[in-house]
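In my numbering, the protein residues as written are 0 to 346. The beta-carbon is built from N, C-alpha and C at its ideal position, and this holds for glycine as well.
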Ligand code: TXA
Ligand code: MG
């Protein structure tokens, strides 16, 4: 299959493909999504096949308007309305109990709930409106790779397997949406995945604090966010987190070079300036030390060092305080590094 590259002027043609049951990757403010008609079971099945995604991992339903959620949900909780009003369109996904049989089990993974989001990207909102149906949209990467933040990343992973990609340039946030579970009335709202919308921002809107459900999923129980049980990204080169302090960086680089390792550094420009030696290969996450800026290129950096063209054998990556927006960055970096910090003894 030829994978066509679309831009803003081709939305009608791309929508036509969606209506025919084909797959179109779309840009959002978080990462690129792999779109299919959420009401067409055969089309949704193709999404799992193209990504190589386990079929019990449910998909987010992308809408162009909050009012579209009503078609699937018996009664919209007040808290969902408040959050949508405050953050939609935007990087927040809401999990709600759905009306039986309102969505195919292929979309929900057989759960009694579903995830909804209105993305904040003009071409994609136009695509959903032109298609006339909500779109499922998992991140448009091959399962096990970092989420794509450019059309090139999508092309790299999925060309030949999908009908087209709408190129909206690099995504604004670079990390997937915050996922909030609103389906358990007794427990109250829970953050299942940290993202650009922070716990403090959510609390400011709903008037109560919302915990991040950090608990590590074990084999025997059904995970809250089914996707959390799969190792999201297993880089071909080991990645180690380094504490911000310069001494840790210098020790890590010196140790690795002594071992004959080819070192890759994934860090902000100010850090690279201080710690990179001549033999290090580097990827600058950002010009400044702001976590929001660094997040935008985190996945691109992980992909960069995963390519055979960069022949590094070990990657050291910059950490940020695990709070606010930093929770989203650290959550993804912890997964990529298998939670490992550099320490000579651990290696
Ligand atoms: O920013 C985003 O959310 C991007 C863009 C494209 O919108 N999409 C995205 O989709 O990251 P995906 O499929 O890669 O991640 C969705 C996560 C998965 O971990 C999935 O298991 C979880 O949400 N999820 C979906 N439906 C759920 C449900 N009913 N209950 C619990 N978790 C659910
Ligand atoms: Mg994903």
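Asked, Found
"Return yes when the Cβ of residue 13 is within less than 7 Å of the Cβ of residue 157, no when it is not.", "no"
"I'd like the span of the alpha helix (DSSP H) that includes residue 317, first residue to last.", "That residue, residue 317, is in no alpha helix (DSSP H); its beta strand (DSSP E) goes 313 to 317."
"When you compare only the Cα positions, how much space is there between residue 108 and residue 60?", "13 Å"
"Find the nearest neighbour of residue 18 within the set 3, 39, 9, judged by alpha-carbon distance.", "39"
"Is it true that the CB of residue 43 sits closer than 7 Å to the CB of residue 106?", "yes"
"Should residue 168 be listed as close to ligand 1, given that the test is whether its C-beta is under 6 Å from any heavy atom?", "no"
"Check whether the Cβ of residue 113 lies closer than 6 Å to any heavy atom of ligand 1, and answer yes or no.", "yes"
"Per the contact definition of three or more C-beta pairs closer than 8 Å, is the region 198 to 207 in contact with the region 74 to 87?", "yes"
"Around ligand 2, what residues have a beta-carbon under 6 Å from a heavy atom of it, in chain order?", "137, 138, 146"
"Assuming contact is defined by CB atoms lying nearer than 7 Å, are residue 339 and residue 232 in contact in what I supplied?", "no"
"Using the C-alpha atoms, what's the distance from residue 316 back to residue 267?", "9 Å"
"Check each candidate in 193, 244, 314 and name the one with the smallest Cα separation from residue 329.", "193"
"Excluding the five sequence neighbours on either side, which residues of its own chain have a C-beta within less than 8 Å of the C-beta of residue 219, listed in chain order?", "A caution first: residue 219 carries a pLDDT of 44, below 50, which makes its placement in the model unreliable, though a value can still be read off. None."
"When the Cα atoms are used, what is the spatial distance from residue 319 to residue 103?", "40 Å"
"Can you give me the start and stop residues for the alpha helix (DSSP H) that residue 114 sits inside?", "Taken as a continuous stretch (DSSP letters only), residue 114 belongs to no alpha helix (DSSP H), being part of the beta strand (DSSP E) at 112 to 116."
"Would you check if the region 299 to 311 and the region 259 to 266 touch, i.e. whether three or more CB-CB distances between them fall below 8 Å?", "yes"
"Verify whether the separation of the beta carbon atoms of residue 94 and residue 72 is less than 7 Å.", "no"
"Would you call the region 119 to 139 in contact with the region 21 to 35, where contact means no fewer than 3 C-beta pairs closer than 8 Å?", "yes"
"For residue 99, which of helix, strand or coil comes out of DSSP?", "coil"
"For residue 144, is the classification buried or exposed, using 16 other Cβ atoms within 10 angstroms of its Cβ as the cut-off for buried?", "buried"
"Among 185, 175, 179, 309, which one has its Cα closest to the Cα of residue 119?", "175"
"Could you please give the first and the last residue of the uninterrupted beta strand (DSSP E) stretch that includes residue 262?", "262 to 266"
"Which residue or residues does DSSP assign as beta-bridge partners of residue 239?", "315"
"Any chance the CB of residue 94 is under 6 Å from a heavy atom of ligand 1?", "yes"
"Who pairs with residue 280 in a beta bridge, going by DSSP?", "263"
"Using a threshold of 6 Å, is the CB atom of residue 175 nearer than that to any non-hydrogen atom of ligand 1?", "yes"
"Mind checking residue 246: buried by the 16 CB within 10 Å criterion, or exposed?", "exposed"
"Tell me the rounded alpha-carbon separation between residue 291 and residue 173.", "9 Å"
"By the three-class DSSP mapping on this structure, what secondary structure does residue 300 have?", "helix"
"Looking at the structure shown, is residue 164 part of a helix, part of a strand, or coil, going by DSSP?", "strand"
"What is the DSSP secondary structure of residue 174, counted as helix, strand or coil?", "coil"
"For the alpha helix (DSSP H) holding residue 50, just list the boundary residues, first then last.", "40 to 50"
"For residue 11, which residues of its own chain have a beta-carbon under 7 Å away from its beta-carbon, when the five flanking residues on both sides are left out?", "129"
"Where residue 86 and residue 209 are concerned, what is the direct C-alpha to C-alpha distance, given to the nearest angstrom?", "16 Å"
"Compare the C-alpha of residue 321 against each of 332, 251, 314 and name the closest.", "332"
"Under the DSSP definition of a beta bridge, which residues are partnered with residue 35?", "135"
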